[in-house]
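Student:
Chains as they are written, first to last, in the working numbering: chain A, 145 to 356; chain B, 40 to 193.
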C-alpha cells in the first residue's frame with residue numbers, strides 16, 4: 145500500500161443502510177385479530193417483512209421501550225415503519241406515537257396511524273405529533289403501496305445525506321491515516337505513513353460505526 | 040365434459056358473488072381480500088373469513104348474554120363490542136352486517152334497551168345469512184378446485 149491509497153473499510157452487513165436491502169420491516173399494531181391478518185397480508189404482498197402485535201404495550205416491549213432492558217441493541221430487529229390502529233384499549237395509537245417520538249432511539253421511525261373514523265381533529269392531532277400519514281380503514285393495497293413509496297423515498301434521501309457525511313468522514317480518516325502517529329518507532333517511519341497505527345484505526349472505526 | 044364442470048362452477052361462483060354485491064351484503068373490500076390471495080397465500084380469503092366468524096360469534100354470544108341479563112346496564116360494554124364488530128365487518132367487506140351493527144350501536148348510545156334487543160336480532164340475522172352465503176361460496180370453490188384437479192392431473 146502506498147501513501148494516498150484508500151484503505152477499504154468493511155461495512156458490516158445487516159442492520160446498516162436500509163436502502164441497500166429493499167425489504168422494509170414493518171411493525172403493525174392492532175387489537176383486532178381480523179385487521180392484523182389483513183394488514184399483515186397487505187404488507188407481505190407489498191414485499192415487506194412484517195411483525196404484528198396486538199397492543200401499544202406489546203409494541204413498546206418489542207422495541208425495547210417499555211423500561212425493561214429490551215432488545216434495543218439488536219440490529220436484526222430494526223424497524224423501518226410502524227403502522228398502528230388508533231382506537232385500542234390501554235395505549236391508543238396516539239399514545240404509542242407520542243412515546244415513539246419522545247424516544248431518542250426510535251423517534252426517526254415513521255409512524256402511520258389507521259382508523260375507521262374520519263375525524264379531522266384526530267387526524268390533525270396525529271400529524272402534529274409527528275405521524276407520517278393517516279390511513280382510513282378498511283386499508284387497501286393502494287394505501288400500503290403509497291405509504292411504502294413515501295417511506296422508501298424518505299430513506300433514500302436520508303441515505304444520500306448519510307453518504308455525503310460518510311464521504312467526509314472517509315476523507316478525515318484518510319487524513320488521520322497519512323499523518324504518522326508520534327508513538328511509532330523511528331525505524332518504522334516509512335511504513336507508519338502507509339499503515340496507520342491501530343490506535344488511529346480504532347478512532348476512525350468509531351467515527352464510522354457511529355453512522356450505522 | 041370435465042372442462043364444462045369447471046366452467047359451470049365458475050359461473051355459479053360469479054353469479055353468487057354478483058348477487059351478494061347487488062344485495063349490498065358484500066362491498067369492494069371483499070374484492071380487495073380476493074386480490075390478496077395468490078399462490079403464496081392460496082387460502083387467504085377462507086382463513087380471514089373464518090377468523091372473522093370465530094371473533095364475531097364470540098362477540099354476538101357476549102352481546103346476547105349482556106342483554107338477556109335482567110339487571111343489564113352496561114351499554115358502554117355493548118358499544119365496545121359493537122365497535123369491534125363494525126371494524127372487522129368493514130375490514131372483510133361485510134357491508135350489511137357492518138351497517139346493522141352501526142344501527143344497533145346507535146340504540147346502545149341512547150341506552151335504549153328494546154332498541155338494543157331488536158338491533159341484536161337484526162345483526163344475528165344478517166350475520167347468519169352472510170355465514171351461509173360464505174359457506175356456499177367456499178363449497179363451490181372447493182368443488183371447482185376438485186373439478187380443475189381432475190381435468191389437469193399432476
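Note that beta-carbon positions come from the ideal geometry of N, C-alpha and C, so glycine has one too.
Given the structure is predicted, the values throughout are model-derived calculations rather than measurements.
Quick check: what's the CA-CA separation for residue 248 of chain A versus residue 278 of chain A?
Tutor: 23 Å
Student: Locate the alpha helix (DSSP H) running through residue 147 of chain B, then write down its first and last residues.
Tutor: Residues 134–148.
Student: Does the structure place the segment 71–87 of chain B close enough to the segment 116–124 of chain B that three or more beta carbon pairs sit under 8 Å?
Tutor: no
Student: Name the one or two DSSP bridge partners that residue 197 of chain A has.
Tutor: A/173
Student: Would residue 165 of chain B pass as a contact of residue 141 of chain B if the rule is Cβ separation under 8 Å?
Tutor: no
Student: Distance check for residue 94 of chain B and residue 231 of chain A, CA to CA, integer angstroms please.
Tutor: Residue 231 of chain A and residue 94 of chain B have their C-alpha atoms roughly 18 Å apart.
Student: Out of A/204, A/314, A/179, A/270, which one is the CA nearest neighbour of residue 234 of chain A?
Tutor: The option with the nearest alpha carbon to residue 234 of chain A is A/204.
Student: Extract the residue ranges of the alpha helix (DSSP H) inside the segment 73–113 of chain B, only unbroken runs of 4 or more that lie entirely within it.
Tutor: 83–107
Student: Are the Cβ atoms of residue 264 of chain A and residue 243 of chain A separated by less than 8 Å?
Tutor: no
Student: Report the option in A/253, A/268, A/258, A/317 whose CA atom is closest to the CA atom of residue 302 of chain A.
Tutor: A/253
Student: Could you please give the first and the last residue of the uninterrupted alpha helix (DSSP H) stretch that includes residue 244 of chain A?
Tutor: 237–246
Student: Can you give me the Cβ contacts of residue 147 of chain B inside the same chain, cut-off strictly under 6 Å, excluding the 5 residues immediately before and after it?
Tutor: 114, 117, 118, 155
Student: Check the Cβ-Cβ distances between residue 87 of chain B and every residue of chain A, and say whether any is below 8 Å.
Tutor: yes
Student: Put residue 258 of chain A into one of helix, strand or coil per three-state DSSP.
Tutor: Secondary structure at residue 258 of chain A: strand, using DSSP grouped into helix, strand and coil.
Student: Please report how far the alpha carbon of residue 92 of chain B lies from the alpha carbon of residue 127 of chain B, in whole angstroms.
Tutor: 10 Å
Student: Return no unless some Cβ of chain A is closer than 8 Å to the Cβ of residue 94 of chain B.
Tutor: yes
Student: Considering only DSSP beta bridges, list what residue 278 of chain A is partnered with.
Tutor: A/257
Student: Could you list the residues in the segment 64–78 of chain B with a C-beta less than 7 Å from some C-beta on chain A, going in chain order?
Tutor: 68, 71, 74, 75
Student: Quick one: residues in its chain with C-beta nearer than 8 Å to the C-beta of residue 131 of chain B, no 5 flanking neighbours on either side, listed in chain order?
Tutor: 68, 69, 72, 87, 88, 91
Student: Looking at chain B, which residues of the segment 289–322 of chain A have a Cβ within less than 7 Å of any of its Cβ atoms?
Tutor: none
Student: With distances taken from CA atoms, which of B/149, B/143, B/188 is nearest residue 162 of chain B?
Tutor: B/143
Student: What is the rounded straight-line gap between the Cα of residue 60 of chain B and the Cα of residue 66 of chain B?
Tutor: So the two alpha carbons sit approximately 6 Å from each other.
Student: Report the three-state DSSP secondary structure of residue 267 of chain A (helix, strand or coil).
Tutor: helix
Student: Could you give the residue range of the beta strand (DSSP E) that holds residue 225 of chain A?
Tutor: 225–229
Student: Determine the burial state of residue 58 of chain B: buried for a count of at least 16 other Cβ atoms within 10 Å of its Cβ, exposed for fewer.
Tutor: The residue in question, residue 58 of chain B, is exposed, as its Cβ has fewer than 16 Cβ neighbours within 10 Å.
Student: Could you name the residues of chain B that residue 189 of chain A contacts, counting a contact when the two beta carbons are closer than 7 Å?
Tutor: Around residue 189 of chain A, the beta-carbon contacts reaching into chain B at under 7 Å are 75.
Student: Going along chain A, which residues have a C-beta under 7 Å from residue 83 of chain B?
Tutor: 185
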